[in-house]
Amino acid sequence: MNERFDPARADSHWQKVWDEKQCFRADDASSKPRSYVLEMFPYPSGRIHIGHVRNYTMGDVLARYKRMRGFEVLHPMGWDAFGMPAENAAMEQGVHPGGWTRENIANMKAQLKRLGFALDWSRELATCEPDYYGHEQALFLDLYAAGLVYRKESAVNWDPIDQTVLANEQVIDGRGWRSGALVEKRKLSQWFLKITDFAEELLEGLDSLDKWPEKVRTMQENWIGKSQGLEFSFDLSNGDRLPVYTTRADTIFGASFVAVAADHPVAQRAAQGNVEAQAFIDLCKASGTTAAELETAEKLGFDTGLTAKHPFTGADLPVYIANFVLMEYGTGAIMAVPGHDQRDFDFATKYGLPIQRVIAASADDADRPFTGEAEAGDGICVNSGFLDGMSVDDAKAAVIAHAEAGGWGEGKTVWRLRDWGVSRQRYWGTPIPFIHCGTCGVVPVPKAQLPVVLPEDVDFSVPGNPLARHPTWKHVDCPACSKPAMRETDTLDTFVNSSWYFLRFASQPGDRPFDPAAIAKWLPVEQYIGGIEHAILHLLYARFWTRALARIGMIEIKEPFASLFTQGMVTHETYELEYLDPLTGEKSGKTTYLAPDEIERVGDKVYWRNLKNERVPVKIGRVIKMSKSKKNVVDPDEIVATYGADAIRWFMLSDSPPERDLPWSEAGIEGCGRFVQRLWRLFGQYDAAATGEDKALDRKRDQTIAAAAEDIEALGFNKAVARIYELTNTAEKAAPSASRSAAIRTLLLLVAPMMPHLAEEAWQAMGEGLVAEAAWPPFDPALLVEDEVTIAIQVNGKLRDTQTVAKGMDKAELEAIAVANNKVQAILSGAAPKKVIVVPDRLVNIVA
RNA sequence: GCGGGCGUGGUGGAAUUGGUAGACGCGCGGGAUUCAAAAUCCCGUUCCGCAAGGAGUGUGGGUUCGAUUCCCACCGCCCGCACCA
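Following this line, the structure appears as structure tokens:
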């Protein structure tokens, strides 16, 4: 064996061998138990970043481990290839989105290959290719036929200069990111998927997802937002009726005003002939569209002059148009109870409206003033007529019963979840397969004519949607009446692409989206791994899409991902250089960020060399998510070139628990590189002919096998790594013996999923075949149990001594040993213990 | 603003889920080897204290024989908020 392990040679050699032997191709016909391991597929931005490396390394370790445990493993990879960055590149660099995307895919695929992932590349797919999105169009038509697709008017961010719809992230302080124009809200007729039809099942289905993180289930539950409340109508002073929805019917006696959304019909009518009202509505439209912006914005309102009759007190409540009321939720109108809702409180304070207490801790507390904020908590009703003294829950029921008996309102379930708007007024997406005909209306494209292919000849030099202004593409004959008609020029949200790709991986027939038999074999995904940022949208949409396909009988499964793991981000420290004022040479207060390869480390200080080759001190900034704008990025390719694929893979798995953030460090990756070499030297000491037994080492070996398996299955890679270090330390120090050779061989198999190149190289040197085809080492359960344990001896809960005893010693014996202990005797000084607590094999606590 | 999460030595973290806090890694200090360096190996490394001993898991309270773990309040940081993926 060579002195040093040479990753540059070994990595590419073994990657070639795995490719040639098709080691990681999933066999659909296999009789082995199956395992589908999937990581969220990447957007082909151009380069793999460290976050991808972390994500795919975790999946790879699990996939390789499962193979060693005798499973037929499906571990595929593809590309989430539609989306805005390709169009931005087209506008900024004059390249075609398709060419740009495909080139990025080629580059990133080469990068992934250099990391040695055990992927089945024969199933690779890219969502931007017609043989993917054509099937998506077919599925969309199936959902349309099932009544799950419809059109309605919906507001978008409109940039009047660029003549385009902007994504929320493209709107900065109310202005278009490129044009700087004030963004307007504009209503467009758009396509929607009826996810709300599935609200109840998506909510209930969460209970069955016991291998999902609790936090993700809670977030989805809150997102779906089932609420029970009261819907009732106010009689308005102009004779109209105004329906409102409230979840706090118990606080109805505290209602001091009524508020409607800016786009509510009542607001629209109020604006007719009223310049000020119209101005206020325009102001609301000009503000941000996101929920976060609406809720953090100052509460503003406009008094319509109308009043609403309170159903119990008969009081006339003013009706406001308010910027914090959402048209999409409930009825778009609310009864406002300032005492017990913070938004209403802020509003009432600003406009001098009454704030009445109707919930208090007790009846004595009924007139306690508020201390600057609303009290949304529990209590009993006060100042509330017939509700006085009731609990919040009882009062809710009583008001609803009263309303239903009186015929002026009813109990109602309302969902926060809204239907999914899938229309995008963009080129680089799946064309929506519909045709608009002057005679027949909206007509689906016949399936035989699919795919509706994106035209390649598009022009990004002028503003607007290139698909809509393409000279010929949209002009077609109506499939129904053959008269000239127009194609739909909206494309589908890219979340649709990622809502079924995991089904397409199981089989890729040319004539249909998937083969149900293959889905029955492989799905659900046994382990899905990706970022927490997808906790709600992607994962909820994929769940919905799966259920929708199940409902129309295309597949059997209802939940796509049996187990979910959300990994943390990769972070890095930032380097901030303060600009000096060019005139005075003084610090200017402005800073710029430096990249890791622009700085120089001396001890724990960091410097930058200026043009005169002088060292300028650099401030080490916060450790944050790697991002180009902060320049705290490292390129995986450079790391692989310097340290090898195994070192970076090992770094990704070491130290930080996978669900938490992983701080990148130069020292850390160097340590990983050293460990690869250290293992190589140890593997070189393997001696098949060694004899002699080392019982302690045998025990350590088998304990490590069992623990590492448990850790990997729970995705606790950092713990598995720590165990492997321990066994390495022990094996290195042990004298040569058959046991030591067995430990070394075991160690090689344990690291095989994590450092596959090193493992192959050493396995070959030991005269074996491919470690990619090797089995996980067996262990003897009898060896796992220690026969001696060290117990703690405490007095009043404080550790005073420890003692090694036989495992399983009974309570009386342990107590006797502890009481007789010198240190215990010294503290007791003759007194008898008040109480003794004995936990066998753990501790004895003496209460003095 | 609303929803979700996290907080342990210089540093990343571990702790059979209420039972010996700091496993293992990084860094640092000392030593060996070397003409020298790199690499490698050995020893040490929570804090205060010469020691005996004491303190200690973001802060403040509580429950318990015993709390990193459970409860309450607060502080700080992170993620999501429906057209980024």
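According to our numbering, the first sequence holds residues 341 to 1188 in order. Just so you know, even glycine gets a beta-carbon here, dropped at the ideal spot from N, CA and C.
Query	Result
For Ala651 and Trp748, which I take to be in contact (beta-carbon distance under 8 Å), what is that distance rounded to the nearest angstrom?	Position check: residue 651 holds Pro in this sequence, whereas Ala was assumed. Rounded, the Cβ-Cβ distance is 6 Å, consistent with contact.
Identify whether Phe854 lies in helix, strand or coil by the three-state DSSP scheme.	coil
Going by Cα to Cα distance, which pick from Gly434, Ala1071, Glu343, Ser462 is closest to Phe364?	Ser462
Would the beta-carbon of Val1135 fall within 7 Å of that of Ile1167?	yes
Given a cut-off of 7 Å on the beta-carbon distance, is the pair Ala1046 and Phe1119 in contact?	yes
Ends of the beta strand (DSSP E) at Ala1132?	1128-1135
Quick one: give me the first and last residue of the beta strand (DSSP E) that Trp755 is part of.	749-755
List, from N- to C-terminal side, the alpha helix (DSSP H) runs of 4 residues or more that fit wholly inside the region 600-625.	605-611
Helix, strand or coil for Thr298 per DSSP?	Outside the displayed span of the chain (341 to 1188) sits residue 298, for which this structure offers no information.
DSSP on Phe730, reduced to helix/strand/coil?	Correcting the residue type first, residue 730 is Met in the shown sequence and not Phe. Of the three classes helix, strand and coil, the one that applies to Met730 here is coil, per DSSP.
Let me know if Cys821 comes out buried or exposed under the rule of 16 or more other beta-carbons within 10 Å of its beta-carbon.	exposed
Just verifying my parser: in three-state terms, what is the DSSP assignment at Met510?	Checking the sequence, you will find Gln at residue 510 rather than Met. It is helical.
Rank Asp1181, Arg1182, Asn1161 by C-alpha distance to the C-alpha of Pro1173 and give the top, closest one.	Asn1161
Can you tell me whether Ile512 is buried or exposed, with buried defined as 16 or more other CB within 10 angstroms of its CB?	exposed
Taking the beta strand (DSSP E) that Trp498 belongs to, which residues open and close that run?	489-499
Kindly give me the distance between the Cβ atoms of Asp699 and His680, rounded to whole angstroms, as I take these residues to be in contact under 8 Å.	Reading the sequence as shown, one finds Ile at residue 699 and not Asp. Confirmed, Cβ separation roughly 6 Å.
Please work out which residues of its chain come closer than 7 Å, Cβ to Cβ, to Leu488, disregarding the five sequence neighbours upstream and downstream, and give them in chain order.	Leu533, Lys534, Asp537, Ala888
For my contact list, Met966 and Val1016 are in at a C-beta cut-off of 8 Å; report their separation, rounded to the angstrom.	The Cβ separation is near 23 Å, so there is no contact.
Considering Val956, what are the terminal residues of the beta strand (DSSP E) in which it resides?	955-965
What residues in its chain sit with their C-beta under 8 Å from that of Pro849, if we drop five residues either side in the sequence?	Asp855
Would you check whether the ligand SAM has a heavy atom nearer than 6 Å to the C-beta of Glu493?	Among the ligands in the structure shown, none appear at all, so the ligand SAM cannot be discussed.
Return the chain-ordered list of same chain residues with a C-beta closer than 6 Å to the C-beta of Cys468, the five sequence neighbours on each side being excluded.	Ala421, Phe422, Thr441
Quick one: Cα of Ala1132 to Cα of Pro1180, how far?	10 Å
Does the beta-carbon of Ile775 have 16 or more other beta-carbons within 10 angstroms, so that it is buried, or is it exposed?	buried
Pull up the CB-CB distance for Lys823 and Thr779, whole angstroms please, since I reckon it's below 8 Å.	6 Å
How should Gln568 be labelled, buried or exposed, when 16 other C-beta atoms within 10 angstroms of its C-beta is the threshold for buried?	exposed
Would you grab the beta carbon distance between Leu570 and Gly719 for me? Rounded to a whole angstrom, and I think it's under 8 Å.	Not a contact, Cβ separation roughly 19 Å.
Is Ala426 near Trp768, with beta carbons less than 7 Å apart?	yes
So, using beta-carbon positions, are Val1061 and Ser994 closer together than 7 Å?	yes
Would you call the region 1053-1067 and the region 1003-1010 touching, i.e. three or more CB-CB distances under 8 Å?	no
Our contact map puts Leu657 next to Ser731 with C-beta atoms below 8 Å; I'd like the distance itself, whole angstroms only.	Actually they do not touch by this definition, with Cβ atoms about 26 Å apart.
By Cβ distance below 6 Å, which residues in the same chain neighbour Pro1096 in space, the five residues on each side in sequence not counted?	Gly456
Using C-beta distances below 8 Å, list every residue in its chain close to Glu616, excluding the 5 sequence neighbours before and after it, in chain order.	Phe642
Just curious, the alpha helix (DSSP H) that Ile988 is in, first and last residue?	985-993
Residue range of the alpha helix (DSSP H) that Leu459 falls in?	Counting along the chain, Leu459 falls outside any alpha helix (DSSP H), and DSSP gives it neither H nor E.
Which word fits Glu899, buried or exposed, when buried means at least 16 other C-beta atoms lie within 10 angstroms of its C-beta?	buried
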